[in-house]
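The sequence shown begins at 1 in UniProt numbering and counts up one residue at a time.
C-beta atoms are modelled at their ideal positions from N, C-alpha and C, and glycine is treated no differently.
Computed from a prediction, not measured in an experiment: that's the story for all the values here.
Presented below is the structure to which this report refers.
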Amino acid sequence: MLPSARAPTLLMFGTMPALDRVDLELLAVLAEDPRTTIVALAETLGLSRNTIQARMARLEQTGVFLSYERSFSPEVLGFPLQAFVSIGLRQTELPRITAELARIPEVLQVHGLSGAIDLLARVACRDARHLFDTDARILSIEGVERTETSLAMGEVIPFRVAGLIGLARREP
1 MLPSARAPTL
11 LMFGTMPALD
21 RVDLELLAVL
31 AEDPRTTIVA
41 LAETLGLSRN
51 TIQARMARLE
61 QTGVFLSYER
71 SFSPEVLGFP
81 LQAFVSIGLR
91 QTELPRITAE
101 LARIPEVLQV
111 HGLSGAIDLL
121 ARVACRDARH
131 LFDTDARILS
141 IEGVERTETS
151 LAMGEVIPFR
161 VAGLIGLARR
171 EP
């Protein structure tokens with residue numbers, strides 16, 4: 001959720017730049033193969049390398065790319081247990097609580113929600129005891145009123161955007 005090249009933001013809402021056909025084609029190629037080089041992108045799209053670099057720079061500066069961080073399983077680091085922690089809190093404490101959550105290494109990601117739950121945190125732990133301790137640390141943050149933890153049994157559909165790119169390319 002947090003962009004690696006920019007300062008963290010509390011919640012990522014706002015106006016994104018309008019993407020034209022070339023931007024969408026560029027993103028489609030990158031969604032299919034994130035390691036595609038600038039030269040390969042230029043060849044695939046039939047554009048110059050400079051044009052691709054300029055577009056990539058613009059997309060990066062306007063926040064289209066969320067992160068350049070390589071994704072890998074926390075399990076390879078010795079944290080096979082993943083869970084989702086629903087967090088209820090005092091709304092006026094949200095910025096401070098978010099900053100404190102960001103300091104807990106087991107917290108991989110946090111989303112702000114509407115409804116009965118204020119935040120949803122994805123955490124990774126070594127075992128059930130470690131998860132219990134991590135939940136206790138979250139609950140001990142001043143302003144956190146309650147938590148509810150659900151074990152992740154497995155990822156059924158990984159994060160993806162290729163389908164959305166396809167929809168965006170079809171819209172007028």
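Would you call the CB atoms of Leu108 and Ala128 closer than 9 angstroms?
-> no
Specify the secondary structure class of Val156 as computed by DSSP and reduced to three states.
-> coil
Do Ile117 and Ser150 come within 9 angstroms of each other at the CB atom, strictly closer than that value?
-> no
Output the boundary residues of the beta strand (DSSP E) element that contains Val29.
-> Looking at the DSSP string, Val29 is not in any beta strand (DSSP E); the run it does join, the alpha helix (DSSP H), is Arg21 to Glu32.
Use the C-beta contact count for Leu11: other C-beta atoms within 10 angstroms, 16 or more gives buried, fewer gives exposed.
-> Note that Leu11 scores a pLDDT of 45, beneath 50, so its modelled location is shaky and nothing firm can be said.
Reduced DSSP category for Thr149 - H, G, I as helix; E, B as strand; rest coil | strand
Counting contacts by CB-CB distance shorter than 9 angstroms, is Ala124 in contact with chain B?
-> Checking the listed chains, one finds no chain B in this structure; it contains a single protein chain.
Could you name each continuous alpha helix (DSSP H) segment of 4 residues or more that falls completely within the stretch 91-122, going from the start of the chain to the end?
-> 94-102
Taking DSSP as the reference, what is the three-state secondary structure of Val64?
-> coil
State the DSSP-derived secondary structure class of Ile141, mapped to helix, strand or coil.
-> coil
Quick one, are the C-beta atoms of Leu19 and Val29 less than 9 angstroms apart?
-> no
Helix, strand or coil: which one does DSSP assign to Phe132?
-> helix
Would you check if there are 3 or more beta carbon pairs closer than 8 angstroms linking the stretch 136-143 to the stretch 86-96?
-> yes
Please say whether Arg58 and Pro17 have beta carbons closer to each other than 9 angstroms?
-> yes
Taking buried to mean at least 16 other C-beta atoms within 10 Å of its own C-beta, is Thr37 buried or exposed?
-> exposed
Starting from Val85, follow its DSSP beta bridges and name the residues at the other end.
-> Ala121 and Thr149
Exposed unless 16 or more other CB atoms sit within 10 angstroms - verdict on Val161 | exposed
Considering only residues of the same chain and omitting the five flanking positions on each side of Val156, which have a CB-CB separation below 7 angstroms?
-> none
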